[in-house]
Amino acid sequence: MSELINRKSAFASTVRRPVTRFSKGTRCLVCCAVLVFAHLPAMVFAQSTCSGIQVKIPNIKNSTGVVACALFESSAGFPTEFLHSATNIMMMKIRDTQARCNFLDIPPGRYALVVIHDKNMDGKLGTNLLGVPTEGYGFSSGAKALMSAPSFETASFSYDGQNLDLTIRLTY
Numbered sequence: 007m008s009e010l011i012n013r014k015s016a017f018a019s020t021v022r023r024p025v026t027r028f029s030k031g032t033r034c035l036v037c038c039a040v041l042v043f044a045h046l047p048a049m050v051f052a053q054s055t056c057s058g059i060q061v062k063i064p065n066i067k068n069s070t071g072v073v074a075c076a077l078f079e080s081s082a083g084f085p086t087e088f089l090h091s092a093t094n095i096m097m098m099k100i101r102d103t104q105a106r107c108n109f110l111d112i113p114p115g116r117y118a119l120v121v122i123h124d125k126n127m128d129g130k131l132g133t134n135l136l137g138v139p140t141e142g143y144g145f146s147s148g149a150k151a152l153m154s155a156p157s158f159e160t161a162s163f164s165y166d167g168q169n170l171d172l173t174i175r176l177t178y
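Just add 6 to wherever you are in the sequence shown, counting from 1, and you've got the numbering used here.
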């Protein structure tokens with residue numbers, strides 16, 4: 007029983023500190039300040055977008071197959087041997103007759119792009135018996151194919167390592 011009395015006396019003898027009460031507005035302000043300062047490093051050091059070459063392909067004839075985007079850094083294999091010679095290749099699914107290819111971490115330099123609507127997903131531009139393309143195709147810099155594919159020099163563009171947005175419209 008003496009233990010019980012000792013415990014009560016220990017509790018009774020503890021010093022009680024006064025509780026400081028803040029108004030609701032002050033508490034809200036302090037909470038907001040804590041949240042802002044907690045996320046400040048993320049806001050300061052975050053980049054809005056990754057630098058690279060973003061290619062938008064609008065108005066694709068249909069959503070069958072995929073779009074192949076091939077980035078070349080030289081004329082070797084341009085544009086027919088894109089599976090073997092391109093620096094970077096992306097195969098993107100078509101959504102609502104549109105596609106987008108994003109090439110990130112590309113060093114500055116001179117490049118050319120080839121975009122193919124690969125309907126049958128065989129990895130090459132389909133042609134008929136006369137060699138006329140049966141699938142959609144497009145090139146960077148607005149280069150057009152007349153009697154043959156344009157040269158690398160005609161389709162090439164300069165890239166400075168910053169964000170670059172391109173739009174390539176396909177020819178069918």
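Even for Gly, the Cβ is constructed at its ideal location relative to N, Cα and C.
- Judged by DSSP in its simplified three-state form, T70 adopts coil rather than helix or strand.
- In this structure, V120 places its C-beta atom within 9 angstroms of the C-beta atom of P85.
- Under the Cβ criterion (8 angstroms, minimum of three pairs), the region 146-164 does not count as touching the region 93-109.
- Within its own chain, the residues whose Cβ lies closer than 6 angstroms to the Cβ of S57, once the five positions on either side in sequence are excluded, are Q168, N169, listed in chain order.
- For L119, the enclosing beta strand (DSSP E) starts and ends at 115-124.
- When C-beta atoms of the region 122-137 are compared with those of the region 156-163, fewer than three pairs fall below 8 angstroms, so the two segments do not count as touching.
- D124 and G83 do not touch by the CB rule: their CB atoms are close to 17 angstroms apart, not below 8 angstroms.
- Note that the C-beta distance between V61 and L172 is below 9 angstroms.
- CA-to-CA, the gap between P114 and H90 works out to about 22 angstroms.
- Look at the region 129-170 and you find these whole runs of alpha helix (DSSP H), each 4 residues long or longer: 158-161.
- Closest in C-alpha terms to D128, from the list S69, A74, N65, P64, comes A74.
- Taking 9 angstroms as the cut-off, the Cβ atoms of A118 and L77 count as close.
- In the DSSP annotation of this structure, the continuous segment of the alpha helix (DSSP H) that includes F88 starts and ends at 88-91.
- Taking 9 angstroms as the cut-off, the beta carbon of N94 is found no closer than this to the beta carbon of I122.
- T103 sits in coil when the DSSP states are folded into three classes, being neither helix nor strand.
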